[in-house]
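Chemist:
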Amino acid sequence: MVCSLADTVSVNIKDALLSQAPWSEEGEFEGHPVLRSGDMVMATVPGLHIFADDIDQRVSDALSVKVDEVVFMSRHKAASGQRSLTVHPIGNWRKADYGGREGELVPAAPGLMTALLRSLKAAASGLDFDVVFEVTHHGPRLASPTLFIEIGSNEASWGDKDAARALARALLEARVEDHPKAIGIGGGHYAPRFTEVSLAKKVSFGHMLPGYAMDLNDPASLSAMIGKALRSTGTDLAYLHKKSMKRSEASMVASLVADLGGRVIDSSDLQDL
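Following the working numbering, the numbering of the sequence shown begins with 29 at its first residue and continues without gaps.
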């Protein structure tokens, strides 16, 4: 797990984690103590997370530990100001305006990310926050499966200590299940359909490709994006938010998935939780 000193939310989540579980010093990373609790290791960096390229390898080299997955603890900003607790995979479908590399995806952590969504939903019960997936967006660039867990969406919610405690509890209590992995295609930035399905069905979502990043008039480009998403999630399954597309568009996307050796699924293919 990565805490950024430049992000007050990140520091608040770290403080909540320290109060909810026993931690011991594991060593030092770039001038800051590294803490361990069980199989979780928490590093602290001075700068913003979105520019922490290769931190998985750098921590591994510094501490001689194997990094399986990376979780960045972060704030989330949105013009709407909607109070939300989010988890999302990272990478860039097109331009790299906020870290990472243009057109590159970081490996997703579908099991952990979906487990955290469910754990966060339970931990935040009673709080005035939506619990949602966000689609794949922004950096940094890593080789390990990575996700962000965030409090949004403005300064009023960033300082909410109850929300920070809920995220800490979710991180400590999440249990990964061996469910089918899938990518999500279609819909908006907050991926309500994929969130809804994950809270009701045995599935683990990885990369999510929103409608605004898709050029349905350029099948070759879209096929390349879908292929990257499947490979970076480690699956051949795709869940389409069909109501966000015309029927002809959904059929075209399904054909592209099939041409890549994948399979489109819907809720009827999945077992209830």
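From the three backbone atoms N, C-alpha and C, an ideal C-beta is built for every residue, glycine too.
Taking Cβ positions, are H207 and K189 nearer each other than 9 Å?
Modeler: No.
Chemist: Identify, in the order they occur along the chain, each residue of the same chain with its Cβ nearer than 6 Å to the Cβ of I78, setting aside the five sequence neighbours on each side.
Modeler: For I78, where only same-chain residues beyond five positions count, the Cβ hits under 6 Å are Y126, G127, H166, G167 and P168.
Chemist: On the DSSP bridge assignment, give the partners of M29 in chain order.
Modeler: Its beta-bridge partners do not exist; DSSP assigns none.
Chemist: Nearest-angstrom Cα distance between V281 and P50?
Modeler: Near 48 Å, if we compare the C-alpha coordinates of P50 and V281.
Chemist: My output table needs one value for G214: the three-state DSSP class, helix, strand or coil.
Modeler: In the structure shown, G214 sits in coil (DSSP, three-state: anything other than H, G, I, E or B).
Chemist: Any beta carbon from chain D within less than 9 Å of Y240's own beta carbon?
Modeler: In the structure shown, chain D cannot be found, because there is only a single protein chain.
Chemist: Let's test the definition: count the other Cβ atoms within 10 Å of the Cβ of R197 and tell me whether it reaches 16, buried, or not, exposed.
Modeler: That one is buried.
Chemist: In chain order, what are the residue ranges of uninterrupted beta strand (DSSP E) at least 3 long that sit wholly in the region 68 to 123?
Modeler: Counting only runs of 3 or more, we get 68 to 73, 98 to 105 and 112 to 116.
Chemist: Report the three-state DSSP secondary structure of L244 (helix, strand or coil).
Modeler: DSSP places L244 in coil when its eight states are reduced to three.
Chemist: At the level of alpha carbons, what is the spacing between G119 and E53?
Modeler: Spanning the two alpha carbons is a distance of roughly 31 Å.
Chemist: Assuming W186 contacts V37 (C-beta within less than 8 Å), just tell me the rounded distance between them.
Modeler: That belief holds up - the Cβ atoms of W186 and V37 are roughly 5 Å apart, short of 8 Å.
Chemist: Can you tell me whether DSSP reads P135 as helix, strand or coil?
Modeler: Coil, per DSSP.
Chemist: Would a C-beta distance cut-off of 9 Å place A257 and N40 closer than the cut-off?
Modeler: No, they are not a contact pair.
Chemist: Answer yes if the region 213 to 231 comes into contact with the region 264 to 271, meaning at least three C-beta pairs across the two stretches below 8 Å, and no otherwise.
Modeler: Contact holds: three or more Cβ-Cβ distances are below 8 Å.
Chemist: Does the count of Cβ pairs from the region 172 to 186 and the region 98 to 117 closer than 8 Å reach three?
Modeler: Yes, the region 172 to 186 touches the region 98 to 117.
Chemist: Mind checking which residues open and close the alpha helix (DSSP H) that includes V281?
Modeler: That run of the alpha helix (DSSP H) goes R275 to D287.
Chemist: Helix, strand or coil for S153? Go by DSSP, reduced to three states.
Modeler: Here S153 sits in coil by DSSP.
Chemist: Taking DSSP as the reference, what is the three-state secondary structure of T263?
Modeler: The answer is coil: DSSP assigns T263 none of H, G, I, E or B.
Chemist: I believe T142 touches I211 by the beta-carbon criterion, under 8 Å. Please report the beta-carbon distance rounded to the nearest angstrom.
Modeler: Not a contact, Cβ separation roughly 12 Å.
Chemist: Go ahead and pull the three-state DSSP assignment for T223.
Modeler: In this structure, T223 counts as helix in the three-state DSSP scheme.
Chemist: First and last residue of the beta strand (DSSP E) that includes D158?
Modeler: Residues D158 to F161.
Chemist: Can you give the Cα-Cα distance for K94 and M29, rounded to whole angstroms?
Modeler: Between K94 and M29, the C-alpha separation is close to 13 Å.
Chemist: Along the chain, where does the alpha helix (DSSP H) containing S38 start, and where does it finish?
Modeler: Segment T36 to Q48, the alpha helix (DSSP H) holding S38.
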